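Student:
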Ligand code: SF4
Ligand code: SF4
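Numbering (our numbering), first residue to last: 3 to 456.
Here it is in structure tokens:
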């Protein structure tokens, strides 16, 4: 039941909802808007992740209710849940829920490609409009939220803040599993629940293209599940993905200078180039050798300004380049240089998708093979196991913006759902206790709760 004493936005803010798909943008800020189109992203952008599909199969009624309430708030007449057309079971669940609710929600079926779940790619496919360079879907009359965010929103409307997370564990484990865990659960407990099949593993938090790689065993031991953790991939330490990720920038730049053959595949397959943005990674790669010789900011802008429009999707690096080069990392480096030099890169506010867009999509199964993950392709999680750890460590920065401010002290007893850290002024989000217990440690970074002390 929606708390009638609070506005919709206050309800969302109090519940500490942030983008669950990985970005962690505070949802009360995003939804404080009016738009004609509301799109729920259930496309499961990256390979191997199972979470969005599980949510669609299991919580279709809750998702539909949250979509209708959210769309009403932002004034959206066009309501869409976008997911891959091959997700037959999930589409059937959602359609049945839409029918039960007599809701006017469109199911938008996407082809199986990467990055189908990229917000700007999805907006272009659903609405036919390209988001401006470095702009927001709102610039073309759309708001996009992840399906996990919708489930959290449903819970908030019924009085429950964000304290739990659904995530999949895949890769070198007995079989892929879904987990439901309190926020702050050690990642190692999640991996143990999935029964890893190798001892000497490294992990990716998120998907293989854009996920985070903890640097070493200590970082893995310290990692915890946050509001944005949707997946864990367990792989051997010497896996290709870790070797690629550990290449030093100097080596990457040297390889670009020596081996780029200017085939232009990186540009031709770049999803942002295809929606009409000014981004040509092949030119950045061609000119990187003379970067140090460019002292004039206007020339630097003309030569390297494109890099600012890179969204870090990794298509160029992990799929397109026949020479195994890393335009993504070179772009990332150049972005830092542009910022450091104070160079403002102009934005095209009215990009138009290129004609070839529908013919230049990266098929997911071929990407999976290219990533060295073919043996896990087609394996799915069915069961969901609920974990109840003895202690959790709840970070105060699980979102874009300022960290939450500690609201408790060591020795305080807390119950699940109590505010642990209050949203700071400006862009921030509340953080709640994810279990009953006693605070055994707390500082500006987070709080540790022990259930043993209760
Ligand atoms: S990572 Fe590569 S493919 Fe992706 S947006 Fe950047 S340049 Fe384009
Ligand atoms: S795909 Fe590779 S080799 Fe071809 S232009 Fe881009 S960086 Fe150079």
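Beta carbons are placed, not taken as given, at the ideal position from N, Cα and C, and that holds for glycine. Only a predicted model underlies this, so the values are computations on that prediction, with no experimental measurement involved.
Look at the Cβ atom of residue 173, then the Cβ atom of residue 237, and state whether they are nearer than 8 Å.
Tutor: Yes.
Student: Go through its chain and collect everything with a Cβ distance to residue 454's Cβ below 7 Å, but skip five positions before and after it.
Tutor: Excluding sequence neighbours, residue 454 sits near 392.
Student: Tell me the rounded alpha-carbon separation between residue 330 and residue 59.
Tutor: Roughly 35 Å between the two C-alpha positions.
Student: Please report the residue range of the beta strand (DSSP E) in which residue 166 lies.
Tutor: Segment 166-173, the beta strand (DSSP E) holding residue 166.
Student: I need the straight-line Cα distance from residue 22 to residue 143, nearest angstrom please.
Tutor: Each residue's Cα considered, the two are about 22 Å apart.
Student: What residue range does the beta strand (DSSP E) around residue 80 cover?
Tutor: Segment 80-86, the beta strand (DSSP E) holding residue 80.
Student: DSSP three-state label for residue 237, please.
Tutor: Reduced to three states, the DSSP call for residue 237 is strand.
Student: Would a C-beta distance cut-off of 8 Å place residue 37 and residue 66 closer than the cut-off?
Tutor: No. Outside cutoff.
Student: Less than 8 Å between the C-beta atoms of residue 114 and residue 97, yes or no?
Tutor: Contact flag unset, no.
Student: Hey, is residue 312 close to ligand 2, as in C-beta under 7 Å from one of its heavy atoms?
Tutor: Residue 312: no, Cβ never under 7 Å from ligand 2.
Student: Just to check, is the beta-carbon of residue 283 closer than 7 Å to a non-hydrogen atom of ligand 1?
Tutor: Indeed, a heavy atom of ligand 1 lies less than 7 Å from the Cβ.
Student: Have a look at 430, 92, 395 and flag the residue whose alpha-carbon is nearest the alpha-carbon of residue 438.
Tutor: Looking at the Cα atoms, 395 is the closest of the given residues.
Student: Give a yes or no on contact between the stretch 64-84 and the stretch 251-267, applying the rule of three or more CB pairs nearer than 8 Å.
Tutor: Judged by Cβ distances under 8 Å, the stretch 64-84 makes no contact with the stretch 251-267, as fewer than three pairs qualify.
Student: On the CB-based measure, 16 or more other CB atoms within 10 Å of its CB, does residue 351 come out buried or exposed?
Tutor: Counting Cβ neighbours within 10 Å, residue 351 comes out exposed, since fewer than 16 surround it.
Student: Candidates 366, 260, 309, 353: which alpha carbon is nearest residue 327's?
Tutor: For the residues 366, 260, 309, 353, the minimum Cα distance to residue 327 belongs to 260.
Student: Out of 108, 26, 379, which has the shortest C-alpha to C-alpha gap to residue 178?
Tutor: That would be 379, whose Cα lies nearest to the Cα of residue 178.
Student: Taking the alpha-carbon positions, what's the residue 287 to residue 160 distance?
Tutor: So the two alpha carbons sit approximately 52 Å from each other.
Student: Let me check you understand the geometry: is the CB of residue 137 closer than 7 Å to at least one non-hydrogen atom of ligand 1?
Tutor: Not so, every heavy atom of ligand 1 lies at least 7 Å from the Cβ.
Student: DSSP has residue 434 in a bridge; who is on the other side?
Tutor: 421.
Student: Between the stretch 38-58 and the stretch 351-370, can you find at least three pairs of beta-carbon atoms closer than 8 Å?
Tutor: Yes, they touch.
Student: Residue 388 lies in the beta strand (DSSP E); which residues open and close that run?
Tutor: Residue 388 -> beta strand (DSSP E) spans 386-388.
Student: Cutting at 7 Å between CB atoms, please list the residues of its own chain near residue 262, excluding the five before and the five after it.
Tutor: Here the set comprises 287, 288, 325, 327.
Student: Alpha carbon to alpha carbon, how far is residue 376 from residue 370? Give it in angstroms, no decimals.
Tutor: Spanning the two alpha carbons is a distance of roughly 6 Å.
Student: Since I believe residue 167 is in contact with residue 386 (beta carbons under 8 Å), could you give me their beta-carbon distance rounded to a whole number of angstroms?
Tutor: The pair is not a contact, with the Cβ atoms about 12 Å apart (cut-off 8 Å).
Student: When you compare the CB positions of residue 204 and residue 215, do they come within less than 8 Å of one another, or not?
Tutor: Yes, the pair counts as a contact, with Cβ atoms nearer than the cut-off.
Student: Just to confirm, does residue 24 get its C-beta within under 7 Å of one of the non-hydrogen atoms of ligand 1?
Tutor: Checking every heavy atom of ligand 1 against the Cβ of residue 24, none is found closer than 7 Å.
Student: According to DSSP, simplified to helix, strand and coil, what is residue 133?
Tutor: If DSSP states are grouped into helix, strand and coil, residue 133 belongs with coil.
Student: Leaving aside the five residues before and after residue 197 along the sequence, list all residues of the same chain whose C-beta is less than 7 Å from its C-beta, in chain order.
Tutor: If we look at residue 197 and ignore the five residues flanking it on each side, its Cβ neighbours are 175, 176.
Student: Report the three-state DSSP secondary structure of residue 447 (helix, strand or coil).
Tutor: In the structure shown, residue 447 sits in coil (DSSP, three-state: anything other than H, G, I, E or B).
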